[in-house]
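In the UniProt record's numbering, the protein residues as written are 1 to 411. Glycine included, every Cβ here is placed at the ideal spot set by N, Cα and C. What follows is a single structure, written as structure tokens, with notes after it.
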Amino acid sequence: MKKRFQDLTSLDFYTNRKQVKWLVVASSLIIGAGSIWYTNSLVEELRERERRQIELLSSALEYAATTMENLTFINQEIIQQNYSIPIIMVDDSENPIEFRNIPFKKNATAEDSVKTLERELAEMRGEYEPILLPEADIQVFYRNSELLINLKYYPYVQLGIILIFGAFAYALFNQSKIAEQNRVWAGLTKETAHQLGTPIASLMAWIDYLRNSPVWEENKEIITEMDKDVVKLRMVTERFSSIGSKPVIQSGNVYETIEETMNYLRPRISTKVDLNIHADSKDLDAMMNKPLFEWVIENICKNAVDAMKGKGQIDIEILQDSDKFVIIDITDTGKGMEKKMYRRVFNPGFSTRQRGWGLGLTLAKRIVEGYHGGKIFVKHSEVGKGTTFRILLHGSHEGASQFITEGILEY
């Protein structure tokens, strides 16, 4: 028992949140089933008790109909003490001659009362067999009392309330967890940007020194590439600084932005990877934060290179869907994935590589959907053939602002 408790407390709830969710659901169902079983046993006991009470009442009625002795006691102590069980007594022609505890409407007419009795009688016939009083040629029809009916449905109402409360508590906890993650994420990225600032400034100074030194002519190409990497480091620092604060979203040329990113990536990835850009038009503009959007393209392309093991083809297609959206499809010839993994690839920590952190696509989703008001998802993937990621960006400032305000994008 102690070992099981230790295993439960050491469980990684985030990694195994799906199993934990089903464990909570199963526990709730078990508790609910136990509550229903126990309540039903009480209902059966109460139903049998009401049955015996009606039989006693019927016996008293039959006795009263055949004798004149002790009628006052029978009427006051037995017949009139039934305050809860609806009954209707009918003669041999099934015409109501007496009834108790029938819910008539307030200020009901005689015709309405007759209809109510007929409806109640039909319901009683379908619920229980009548009790026959042969000596008096009377049949006694009855049904469950309101108490018994309420008790019968009580566990289902209780279970529903528990499930609603559980769903509300889970949603509240989940939002709290997401908010906490966002704060940690923002704090970590800002601290990283701060720590990178000093060495980057130093590297910029050294490169500037080398440009004005005698070694410049002999090492011009090397120093130029070093300068590009330092500029890239500055851009990465700016990206980290943008995480956690509201970035500036403005109109930008999609083709030029992606082409600049590809030009930077080509000399830094395997030469066996072919990068291609196709566009309906090179003049398509979308609302974006250029440094952050470049980061998205980089992350997806680097993941694609890893999926292809450094050999294959990446095609980026830029499409004009309408005046509202610009579509970017990124297709690789990697190992692909099964459909059940389409959503999981964006989860933090999900990685198919042994040394991967599993944050690249998570970051891409956060940037596209959280900051740009767009959408990113796996459009298509086939195991052994490759994957296509689709990005939707707003083509107008109004669309992006509406998403950021409302927190929703319909497509």
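Tell me the DSSP secondary structure of I223 in three-state form.
Reduced to three states, the DSSP call for I223 is helix.
If distances are taken between C-alpha atoms only, which option among N219, V157, A122 comes closest to N95?
A122
Rounded separation between K309 and N263 - CA only:
20 Å
Flag this pair as yes or no: are the beta carbons of T261 and D332 separated by less than 8 Å?
no
Considering only the alpha carbon of each residue, which of W216, D91, V231 lies closest to M204?
Comparing Cα positions, the closest option is V231.
Between which residues of its own chain and W206 is the CB-CB distance below 6 Å, once the five residues before and five after are set aside?
none
Three-state secondary structure (DSSP) at T271?
coil
Does the beta-carbon of V114 have 16 or more other beta-carbons within 10 angstroms, so that it is buried, or is it exposed?
exposed
N-terminal and C-terminal residue of the alpha helix (DSSP H) that F346 is part of:
Careful: F346 lies outside any alpha helix (DSSP H) and carries neither H nor E.
Could you spell out the range, first to last residue, of the beta strand (DSSP E) harbouring D332?
325-332
Start and end residues, beta strand (DSSP E) containing Y142
138-142
Reduced DSSP category for L292 - H, G, I as helix; E, B as strand; rest coil
helix
Boundaries of the alpha helix (DSSP H) in which K365 is found, first to last residue
360-365
Report the three-state DSSP secondary structure of G386 (helix, strand or coil).
strand
Would you check if the region 102-110 and the region 125-141 touch, i.e. whether three or more CB-CB distances between them fall below 8 Å?
The region 125-141, when compared against the region 102-110, does not touch it at the 8 Å Cβ threshold.
Could you check what DSSP says for M337 in three-state terms: helix, strand or coil?
coil
Distance between G370 and P267 (C-alpha atoms, nearest Å)
In this structure, the straight-line span from the alpha carbon of P267 to that of G370 is close to 31 Å.
Would you please state the rounded distance, in angstroms, between the beta carbons of T237 and K290? I believe it to be under 8 Å.
Contact flag wrong, Cβ pair sits at about 15 Å.
What did DSSP end up calling G395 once you bin it into helix, strand or coil?
coil
Taking the C-alpha atoms as reference points, what is the distance between L284 and S251?
10 Å
Where does V378 fall in DSSP's three states?
Here DSSP, grouped into helix, strand and coil, assigns V378 to strand.
Through-space distance from L172 to residue 453, alpha-carbon basis
In this structure the chain extends from 1 to 411, so residue 453 is not present and cannot be described.
Unbroken beta strand (DSSP E) run spanning L319, endpoints
312-320
Counting beta carbon pairs with one atom in the region 207-220 and one in the region 158-171, are three or more of them shorter than 8 Å?
no
So, for I269: in the same chain, excluding its five sequence neighbours on each side, which residues have a beta-carbon less than 7 Å away from its beta-carbon?
V305
Starting from V254, trace the alpha helix (DSSP H) both ways and give me its first and last residue.
254-265
Own chain partners of I149 with C-beta closer than 7 Å, once the 5 adjacent residues on each side are dropped
none
Are three or more beta carbon pairs between the region 371-390 and the region 334-351 nearer than 8 Å?
yes
Member of S241, R143, Q313 whose CA lies at the smallest distance from the CA of D274:
Q313
How would you write the range of the beta strand (DSSP E) that E98 sits in, first residue to last?
96-100
Using CA coordinates, which residue listed in K375, N276, N253, I162 is at the minimum distance from G32?
I162
Looking at the unbroken beta strand (DSSP E) that takes in V90, where does it start and where does it end?
87-90
Please report how far the alpha carbon of Y154 lies from the alpha carbon of R143, in whole angstroms.
18 Å
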